[in-house]
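**Q** Numbering (full-length UniProt numbering), first residue to last: 1 to 174.
Even for Gly, the Cβ is constructed at its ideal location relative to N, Cα and C.
Got a structure for you, questions after.
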């Protein structure tokens, strides 16, 4: 068991642990010279993240939609986002993207888990269903919501955002 130093400040610390398998004991058996023998040996390696949370830290997340495009022909909603993570932890949470029409009716919703460890830029491409009717003359907007909640982690184990993040942008048709 590893213990962090007592002087470690509040935050979420993370590393990766590599777990490898090896045979427990060599195979014992008879070998005959008149037979052909085949041996298979497998080695499994798995890398898993390990997190340690100390105190009750908060993080700041700044996200800007640099480009929001709706490709009508390809039926894809494309976002280019720049983001900045500030604080003693990565952002572990979820992102919900809503495509709405001019009357604010929800046309499509997409959700995914997120893990943002460092600041940077990313592209998000969302496939839209064939049943969704799109028009080049219509006006659309996108609502992006980021929150410190995931279905695969308990909320108390996630470092919370200092404040919720909601972005709204007009969509450019392509």
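Tell whether a beta-carbon distance below 8 Å holds between residue 169 and residue 65.
**A** Yes, the pair counts as a contact, with Cβ atoms nearer than the cut-off.
**Q** Curious, which full-length beta strand (DSSP E) runs of at least 3 residues does the stretch 57-129 contain?
**A** Complete beta strand (DSSP E) runs here, min 3: 58-71, 76-86, 91-101, 106-116 and 120-127.
**Q** Helix, strand or coil, according to DSSP, for residue 155 in the structure here?
**A** Residue 155 falls in the helix class under three-state DSSP.
**Q** For residue 35, does the three-state DSSP call read helix, strand or coil?
**A** Coil.
**Q** Can you tell me the Cα-Cα spacing of residue 126 and residue 41, whole angstroms?
**A** If you take the alpha carbons of residue 126 and residue 41, they lie about 42 Å apart.
**Q** Excluding the 5 residues preceding and the 5 following residue 141 in the sequence, name in chain order all residues of the same chain whose CB lies nearer than 7 Å to its CB.
**A** Only 100, 168, 169, 170 and 171 meet the Cβ criterion.
**Q** If you count every other CB in all the chains shown that lies within 10 Å of the CB of residue 44, and 16 or more means buried, which is it?
**A** Flag for residue 44 reads exposed.
**Q** Evaluate contact between the stretch 156-166 and the stretch 117-136, counting only Cβ atoms and requiring at least three cross-stretch pairs below 8 Å.
**A** With the cut-off at 8 Å, the stretch 156-166 and the stretch 117-136 do not touch.
**Q** Report the option in 173, 58, 111 and 91 whose CA atom is closest to the CA atom of residue 98.
**A** The residue with the shortest Cα to Cα distance from residue 98 is 111.
**Q** Quick one, are the C-beta atoms of residue 49 and residue 16 less than 8 Å apart?
**A** Contact flag set, yes.
**Q** Starting from residue 15, trace the beta strand (DSSP E) in both directions and tell me its first and last residue.
**A** Element bounds for residue 15: 11-20.
**Q** Give the straight-line distance between the Cα atoms of residue 107 and residue 94, rounded to the nearest whole angstrom.
**A** Computed Cα separation, rounded: 20 Å.
**Q** Can the beta-carbon of residue 102 be found closer than 8 Å to that of residue 139?
**A** A contact, by the Cβ cut-off of 8 Å.
**Q** Taking only the alpha-carbon atoms, compute the straight-line gap between residue 147 and residue 61 and give it to the nearest angstrom.
**A** Taking the straight line from one Cα to the other gives about 10 Å.
**Q** Hey, would you say residue 89 sits closer than 8 Å to residue 12, going by beta carbons?
**A** Against a cut-off of 8 Å, the Cβ pair of residue 12 and residue 89 comes out as a contact.
**Q** Mapping DSSP to helix, strand and coil, what is residue 141?
**A** Reduced to three states, the DSSP call for residue 141 is strand.
**Q** Quick one: what's residue 160 bridged to in DSSP?
**A** According to DSSP, which records beta bridges pairwise, residue 160 is partnered with 58.
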